[in-house]
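**Q**
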Amino acid sequence: MNIVRHNPHGRLLCDAVEYNGLVFLGGQVPRDLSQDIKGQTADVLQQIDALLAKAGSHKSKIISANVWLADMRHREAMNEVWSNWVDANNLPCRATVEAKLADPRMLVEIACIAAK
Amino acid sequence: MNIVRHNPHGRLLCDAVEYNGLVFLGGQVPRDLSQDIKGQTADVLQQIDALLAKAGSHKSKIISANVWLADMRHREAMNEVWSNWVDANNLPCRATVEAKLADPRMLVEIACIAAK
Amino acid sequence: MNIVRHNPHGRLLCDAVEYNGLVFLGGQVPRDLSQDIKGQTADVLQQIDALLAKAGSHKSKIISANVWLADMRHREAMNEVWSNWVDANNLPCRATVEAKLADPRMLVEIACIAAK
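So, in structure tokens, the structure goes:
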């Protein structure tokens, strides 16, 4: 079984790894840190869509997700964007906790595991 | 290979997902937030038992767990309840870190991956 | 399919679990807490090397990693040690967030999933 790796960043990490019918996505973070929580969440989910497509998967095949919020008070607004994005007939399981992220302006980070 | 999803909550997430011999449980949280860390941990583990049963698995088949504690000083008390619950002959690997959770009264959240 | 568990600790958890071509490592923490972030990161990565070897895997087969830093300001120093350790041709995906760990002197914890 092959391990397929997508989008290497320097000598540090890559964005997505395929192995044995599973696709693992590392913690995706917003590109535009000037946006509010809704904009940053949409930005992250857009990147997840692109990575899943690249790895031959799709949001309807997400199994499990981890959401880290810089401020738990943003949960409702994040959930609103998430709910409109996620496949209502194929809901993943999820854990959502608060954590300080790499940049103080960064409000949300999402990692997930999907089926191919 | 089919993806089987259990207990959808609104348009948001589900509690457990089966895929390819693995069972993924999202972050389970206590139902009764008036309890102390021991009561909340027992509550969460009871829910994990029920979800694993529903997905055709069992605590003796847990592979990996993530424990988030709202206050790391509760680690010993959580571990006491965990130790009495976990299958001593089939210990999972685990990561335990502190994180603020969805409700200020919520003291513990646990996610895990099990074999079927 | 067998579940193989390595290094049980009391009635609590084990260090690594093999199942169906995957190796799961729990959150590995430094042994020598007197060291700075670079020393602690090197210590954790050394333990990961040993566990992966025991489970018939290798750092070149890591799929996904979770890094928790007690202080996000240590990210650059942790990344320096990580970059020199990780297999540059086989980069895993990763999520890195801040979290208080089990001991106030503990600066880094790393969990990962690898292929066999």
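Keeping their order, the protein sequence lines are chains A, B and C.
Numbering that gives the first Met the number 0 puts the first residue of the first sequence at 0, with every later residue one more than the last.
Numbering that gives the first Met the number 0 puts the first residue of the second sequence at 0, with every later residue one more than the last.
Numbering that gives the first Met the number 0 puts the first residue of the third sequence at 0, with every later residue one more than the last.
The beta carbon of each residue, even a glycine, is placed where N, CA and C say it ideally should be.
Tell me, please, whether the region 25-42 of chain C touches the region 100-107 of chain B by the rule of three or more beta-carbon pairs shorter than 8 Å.
**A** Contact fails: fewer than three Cβ-Cβ distances are below 8 Å.
**Q** If you draw a straight line from the alpha carbon of W67(A) to that of V3(C), how long is it in whole angstroms?
**A** If I take the Cα positions, the gap works out to 31 Å.
**Q** With DSSP as the reference, identify every bridge partner of V67(B), one or two as the case may be.
**A** Sequence inspection shows Trp at residue 67(B); the Val mentioned does not correspond to that position. DSSP lists V96(B), E108(B) as partners of W67(B).
**Q** Below 8 Å, how does it come out for the region 35-42 of chain C and the region 6-23 of chain C: are there three or more Cβ pairs, yes or no?
**A** The answer is no - the region 6-23 of chain C does not touch the region 35-42 of chain C, with fewer than three Cβ pairs under 8 Å.
**Q** Please report the distance separating the alpha-carbon of K60(B) from that of N78(B).
**A** Roughly 19 Å between the two C-alpha positions.
**Q** Quick check on the DSSP output: the alpha helix (DSSP H) that includes V3(A) runs from which residue to which?
**A** No alpha helix (DSSP H) contains V3(A), which is instead part of the beta strand (DSSP E) from 2-8.
**Q** Keeping to the same chain, check which residues put their C-beta closer than 8 Å to that of W84(B); ignore five residues upstream and five downstream.
**A** Answer for W84(B): A41, L44, K58, listed in chain order.
**Q** Taking the C-alpha atoms as reference points, what is the distance between S82(C) and N6(A)?
**A** So the two alpha carbons sit approximately 16 Å from each other.
**Q** Taking C-beta pairs closer than 8 Å, name the residues in chain B that N78(A) reaches, listed in chain order.
**A** In chain order: L11.
**Q** Taking G64(A) as the reference, which of E97(A), G20(A), A110(A), N88(A) has the closest Cα?
**A** The sequence as given places Ala at residue 64(A); Gly does not occur at that position. The candidate whose alpha carbon is nearest that of A64(A) is A110(A).
**Q** Taking 7 Å as the limit between beta carbons, can you name the residues of its chain near A114(B), skipping five residues before and five after?
**A** Excluding residues within five positions, the ones whose Cβ falls inside 7 Å are G20, L21, S56, K60, I62.
**Q** Rounded to whole angstroms, what's the CA-CA distance from A94(A) to A98(B)? Just pull it up for me.
**A** The alpha-carbon atoms of A94(A) and A98(B) are separated by roughly 12 Å.
**Q** Check whether the Cβ atoms of A76(B) and R10(C) sit closer than 7 Å, and answer yes or no.
**A** Against a cut-off of 7 Å, the Cβ pair of R10(C) and A76(B) comes out as no contact.
**Q** At 4 residues or longer, what runs of the alpha helix (DSSP H) sit wholly inside the region 16-72 of chain B?
**A** You should have 36-53.
**Q** Between which two residues does the alpha helix (DSSP H) containing A76(B) stretch?
**A** 74-84 is the span of the alpha helix (DSSP H), which, as asked, contains A76(B).
**Q** From F23(A) to L51(A), what distance separates their C-alpha atoms?
**A** Their Cα atoms are separated by approximately 9 Å.
**Q** Does any CB atom of chain B fall closer than 7 Å to the CB of A15(C)?
**A** Closer than 7 Å: yes.
**Q** Would you say P7(B) reaches chain A, if we count a Cβ-Cβ gap shorter than 7 Å as a contact?
**A** Judged by the 7 Å Cβ criterion, P7(B) is in contact with chain A.
**Q** Answer with buried or exposed for M0(C), where buried requires no fewer than 16 other C-beta atoms within 10 angstroms of its C-beta.
**A** That one is exposed.
**Q** Using only the alpha-carbon positions, how far apart do L90(C) and S33(B) sit?
**A** Distance between the alpha carbons of L90(C) and S33(B) is about 45 Å.
**Q** What residue from A69(A), A54(A), H8(A), G25(A) has the CA that sits closest to A101(A)'s CA?
**A** Taking only the C-alpha atoms, the option nearest A101(A) is A69(A).
**Q** Of all Cβ atoms in chain C, is any one closer than 7 Å to the Cβ of A52(B)?
**A** It does not; no Cβ of chain C falls within 7 Å.
**Q** Quick check on DSSP: helix, strand or coil for L12(B)?
**A** Note: L12(B) maps to strand in three-state DSSP.
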